[in-house]
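Note that the protein sequences, when read in sequence, are chains A and B. For what it's worth, this note's numbering labels the leading residue of the first sequence as 1, then goes sequentially. For what it's worth, this note's numbering labels the leading residue of the second sequence as 1001, then goes sequentially.
Number of protein chains: 2
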Amino acid sequence: MTDYEKFLSRAGQSMRESAIRKMGTVLAQARDVISFAPGYPAEDSFPWQAFSEIARELLSGTDGSVLQYGPTRGFRPLREAIVALMKERDIQTSVDQLVVSTGSQQGLDLVARVLLDPGDVVLLELPSYTGAITAFRNVGASLVGVQQDDAGIDLEALERAWAAEHSAGRRVKFLYLVPNFQNPTGLLLGLDRRQAVLEWAARRDVLIVEDDPYKDLFFPDVASVADTRPIAADDRDGRVVYLSSFSKTLAPGFRVAWMHAPEALAAKFELAKQAEDLCSGGLDQRVVYEACRRGLLARQLPTLRAHYQHKRDVMVRGLRAKLGNTVYWPDPRGGFFLWLRLAEPLRSDELLPLAQARGVIFVTGSAFFVDGWGRQHLRLSFSAPSPDRIEEGVSRLAAAIGDLADASANVGAREAR
Amino acid sequence: MTDYEKFLSRAGQSMRESAIRKMGTVLAQARDVISFAPGYPAEDSFPWQAFSEIARELLSGTDGSVLQYGPTRGFRPLREAIVALMKERDIQTSVDQLVVSTGSQQGLDLVARVLLDPGDVVLLELPSYTGAITAFRNVGASLVGVQQDDAGIDLEALERAWAAEHSAGRRVKFLYLVPNFQNPTGLLLGLDRRQAVLEWAARRDVLIVEDDPYKDLFFPDVASVADTRPIAADDRDGRVVYLSSFSKTLAPGFRVAWMHAPEALAAKFELAKQAEDLCSGGLDQRVVYEACRRGLLARQLPTLRAHYQHKRDVMVRGLRAKLGNTVYWPDPRGGFFLWLRLAEPLRSDELLPLAQARGVIFVTGSAFFVDGWGRQHLRLSFSAPSPDRIEEGVSRLAAAIGDLADASANVGAREAR
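Structure, rendered in structure tokens:
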């Protein structure tokens, strides 16, 4: 039997590989490739010794539930710790409004399944996070991008997009946003716009799905905690579903993230999760809980901010020195990413094979656009490589851009003949 | 805002709580309740010290990838270990046919999403595993039950069910089966029937989804490894998707299970998993891998067989002594469950509150039926409680059945007047 197509669902037929994960595969197969592709946190920043100590205590066997099935909502003490952590973010919540998810990717998938029917519309930033795009597409949603400028999503474009969908008789279920150090652009949504987005959502009766994995990772030289105030902090209306994660601040291997939502929706996310994986990892949740309880997470944050700020510096310095004013990027004020625009007529999908040949990879811009745009852009992730490797990677990238520019010039010259 | 119904997808609107998970909640809230409800493995059988030792080594920090994001398919050495483990089950596979899933529940959900459109038909045993029922229902599939006898699914009933669906113009995508120590009946599908099911599936061009978490847990006094030969072992045609798990043999808290499928389908499961949670837990997968590599899993199995066989003995002895011939059950030859049928006119949903009042819980039979039947049955799980607690629980259950019989007799007497 070779023809399995006929057994596939419509979703199964249309599933496509994420460009980011594909780059992960390239990386796994190649030697001496410097990867600016996946948004991996720096492994040498993980508090290994503390994790080891915590795991030893948890695996003593005195509490059998550590390795047992657990509640679908998540380990209750962890949810209580998240309530406290959310309070520091000025978000009022309770254990009944929280669901622990197997990474924020699961949170996005649960949002998709609980809220979206085929044909329902999601509005999102242009560009936006590929993992969200994939989760929403897998349930047949229609994705409509909204332009951003350097202060984030454009409110007038948002209203126009909504109006166009509305007048075409389509149902806009929610607006998906990454307000803090957006993936892929690294942009920070202005505080006034956050307020305006919330008011707009109430006016148009649309939910907001606020995805906030990078909040704690602002760069102190150009941003402060005040700049990262979540939209959910001002939500008096129960209109915001808020997602955040321990993947970028503790470690992604634990697959522990959380969702905050109005109780009625949290209950539905719990049911959807029940059918997806019953519960998240028991040991993982307890390690993360202990990291919260013992102050390990709080102690990590200033270190991580300095760590990633420094790597941003190294990348930005390298780009300025090697590529001068032939490329443009908005300076990242936090997070893991730098969003590079190539000079005309260069295209990032044409650059990628040349960059691979030079030993450096990234994610092409088009992966983040729902409308086919983005070929002029690429996402560079400075979080994982060491400063030395970032410098070397930028040199390789500059050489590859030189290769592409030469090739373009030759084509131009031939065409001119 | 209080009305969230209008934001829900059709799936979101129809999601219902699993009866098994609900009992888990009851348990968490109650004191001194003996639970025969969830199919939890015995925590005191977990190899705590070995796990602790493995975790200590893994968390030394020498391999940063332990806590990093990993490949969606799963940690490659673990997949290689699973290839070897599958060979012992006489199933030929390769790393490209395997996907590590976040528990078998995720495997079931991936199967649902990749294979089923709303209205597609799944044939399954009557009764069947609730977690599968929920996953298939969440994508809008139509579930059609097939009668079993003491040797498992009835082939004639299977053909009749298929023919009825086929002639009504509906598409039967697959047959879902738990051939070894089925959840909830504990039944073992006869070897001749396994062969017949495979031939039938080829004839009718239907896939088989074989869910096999209990294979290794046969009871040596009444069964042998030969009795548990998977259907997938004789699949020359690429017609079987096979799911199994480390949850019952190592520990469920790791959330590590696997799927074996033809390469074309495995690739689709990988894509679906990418959008569901990116990857399973990194530390968890490595602990499980080390448990395979170091022979820990292999050493566990005889111990576990003896452990659960003994608990089965204790439960069966108690039921015989306390309930004599007023109840019926097929003797479990492996696994975690005993499927009890009450004498007429007793009903398990009426028994449950009386049992709770006596301090014992179970799952009512109707949770496992897709057609509203099963009120005469209950599932008793003997895996988690200690032998003493099993004895005491059976006494409480017998008392509750006495309460119900008295109440029924009174009603009968009143009605006779």
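Heads up, the beta-carbon is just placed ideally off N, CA and C, and yes, glycines get one too.
So is the beta-carbon of residue i under 8 Å away from any non-hydrogen atom of the ligand MG?
i, result
"Asp1406 (chain B)", "The ligand content of the structure shown is nil, which means the ligand MG is not present either."
Can you tell me where the alpha helix (DSSP H) holding residue i begins and where it ends?
i, result
"Phe136 (chain A)", "130 to 138"
"Gln309 (chain A)", "296 to 323"
"Gln274 (chain A)", "263 to 277"
"Asp3 (chain A)", "That residue, Asp3 (chain A), is in no alpha helix (DSSP H); it is neither H nor E in DSSP."
"Val370 (chain A)", "Run containing Val370 (chain A): none; DSSP gives neither H nor E here."
"Leu1198 (chain B)", "1191 to 1204"
"Ser1060 (chain B)", "Where Ser1060 (chain B) is concerned, there is no enclosing alpha helix (DSSP H), given that its DSSP letter is neither H nor E."
Specify, as a first and last residue, the run of the beta strand (DSSP E) that residue i falls within.
i, result
"Ile208 (chain A)", "207 to 211"
"Arg341 (chain A)", "337 to 342"
"Arg1379 (chain B)", "1377 to 1381"
"Ser1419 (chain B)", "The requested residue 1419 (chain B) is not part of the displayed model; chain B covers only 1001 to 1417."
"Val288 (chain A)", "That residue, Val288 (chain A), is in no beta strand (DSSP E); its alpha helix (DSSP H) goes 282 to 293."
"Gly1169 (chain B)", "Where Gly1169 (chain B) is concerned, there is no enclosing beta strand (DSSP E), given that its DSSP letter is neither H nor E."
"Asp1149 (chain B)", "1142 to 1149"
"Ile1187 (chain B)", "With the sequence shown as reference, residue 1187 (chain B) is identified as Leu, and Ile is not the correct amino acid for it. That residue, Leu1187 (chain B), is in no beta strand (DSSP E); it is neither H nor E in DSSP."
Mind checking who residue i pairs with in its DSSP beta bridge?
i, result
"Tyr1176 (chain B)", "B:Leu1124, B:Val1209"
"Ile1034 (chain B)", "B:Val1360"
"Tyr40 (chain A)", "Paired residue(s): none; Tyr40 (chain A) is not in a bridge."
"Tyr1328 (chain B)", "B:Arg1341"
"Val1114 (chain B)", "The partner list for Val1114 (chain B) (beta bridge, DSSP) is empty, contrary to what the question assumes."
"Gly334 (chain A)", "A:Phe218"
Indicate the three-state DSSP secondary structure (helix, strand or coil) for residue i in the structure shown.
i, result
"Ile91 (chain A)", "coil"
"Ser1065 (chain B)", "helix"
"Ala257 (chain A)", "strand"
"Asp1154 (chain B)", "coil"
"Ser1224 (chain B)", "coil"
"Phe7 (chain A)", "helix"
"Leu243 (chain A)", "strand"
"Gly393 (chain A)", "helix"
"Tyr15 (chain A)", "Looking at the sequence shown, residue 15 (chain A) is not Tyr but Met. If DSSP states are grouped into helix, strand and coil, Met15 (chain A) belongs with coil."
"Phe181 (chain A)", "coil"
"Pro1077 (chain B)", "helix"
"Ser1386 (chain B)", "coil"
"Asp1234 (chain B)", "helix"
Counting only Cβ-Cβ distances shorter than 7 Å, please list the residues of the segment 103 to 114 of chain A near chain B, keeping chain order.
Gly103, Gln105, Gln106, Asp109, Arg113, Val114
Closer than 8 Å, Cβ to any Cβ of chain B: which residues of the segment 57 to 80 of chain A, in chain order?
Listed in sequence order: Leu59, Ser60, Gly61, Gly64, Ser65, Val66, Leu67, Gln68, Tyr69, Gly70, Pro71, Thr72.
Mind the definition here: the segment 110 to 122 of chain A touches the segment 1241 to 1259 of chain B only if three or more C-beta pairs lie below 8 Å; say whether that holds.
Verdict: no, contact absent.
Mind checking the segment 302 to 317 of chain A against chain B and listing, in chain order, the residues whose C-beta falls within less than 7 Å of any C-beta there?
none
At a CB distance below 7 Å, what residues from the segment 1241 to 1253 of chain B approach chain A? Give them in sequence order.
Ala1251, Pro1252, Gly1253
Can you give me, in chain order, the residues of the segment 1333 to 1360 of chain B that have a beta carbon less than 7 Å from any beta carbon in chain A?
none
Check whether the segment 1370 to 1389 of chain B and the segment 1326 to 1346 of chain B touch, using three or more Cβ-Cβ pairs below 8 Å as the test.
Short answer: they touch.
Is the segment 172 to 179 of chain A in contact with the segment 187 to 196 of chain A, if contact means three or more CB pairs nearer than 8 Å?
Yes: the two stretches touch, three or more of their Cβ pairs being nearer than 8 Å.
Name the residues in the segment 203 to 222 of chain A whose C-beta lies less than 7 Å from a C-beta of chain B; which are they?
Leu207
Cβ-based contacts, 8 Å cut-off: residues of the segment 1369 to 1387 of chain B near chain A
none
Using a Cβ-Cβ cutoff of 9 Å, what residues of the segment 1272 to 1283 of chain B are near chain A? List them in chain order.
Ala1272, Gln1274, Ala1275, Glu1276, Asp1277, Leu1278, Cys1279, Ser1280, Gly1281, Gly1282, Leu1283
Residues of the segment 171 to 189 of chain A with a CB closer than 8 Å to any CB of chain B: list them in chain order, please.
Lys173, Phe174
Three or more beta-carbon pairs under 8 Å between the segment 1077 to 1094 of chain B and the segment 240 to 257 of chain A, yes or no?
no
What are the residues in the segment 1255 to 1268 of chain B lying within 8 Å of chain A by C-beta distance?
Arg1255, Pro1262, Ala1264, Leu1265, Lys1268
Decide yes or no for the touch test of the segment 134 to 146 of chain A against the segment 363 to 371 of chain A: beta carbon pairs closer than 8 Å, at least 3 of them.
Because the criterion of three Cβ pairs below 8 Å is met, the segment 134 to 146 of chain A and the segment 363 to 371 of chain A touch.
Check whether the segment 1390 to 1402 of chain B touches the segment 1349 to 1368 of chain B, taking contact to mean three or more Cβ pairs, one atom from each stretch, closer than 8 Å.
The count of Cβ pairs closer than 8 Å, one atom from the segment 1390 to 1402 of chain B and one from the segment 1349 to 1368 of chain B, reaches three, so the stretches are in contact.
Kindly confirm or deny that the segment 1261 to 1278 of chain B and the segment 1220 to 1232 of chain B touch, where touching means at least three C-beta pairs closer than 8 Å.
Verdict: no, contact absent.
Using a Cβ-Cβ cut-off of less than 9 Å, give me the residues of the segment 123 to 134 of chain A that come near chain B, in sequence order.
Gly131, Thr134
Would you call the segment 55 to 73 of chain A and the segment 228 to 247 of chain A in contact, with 3 or more CB pairs under 8 Å?
no
Stretch pair the segment 311 to 329 of chain A + the segment 160 to 168 of chain A: three plus CB contacts closer than 8 Å
no
Using 8 Å as the cut-off, can you tell me whether the segment 278 to 287 of chain A makes contact with the segment 108 to 115 of chain A, which would need three or more C-beta pairs spanning the two stretches below that distance?
no
For the segment 51 to 61 of chain A against the segment 1041 to 1060 of chain B, do three or more pairs of beta-carbon atoms, one drawn from each stretch, fall closer than 8 Å, so that the two count as touching?
yes
Contact the segment 1293 to 1310 of chain B vs the segment 149 to 159 of chain A: 3+ CB pairs below 8 Å
no
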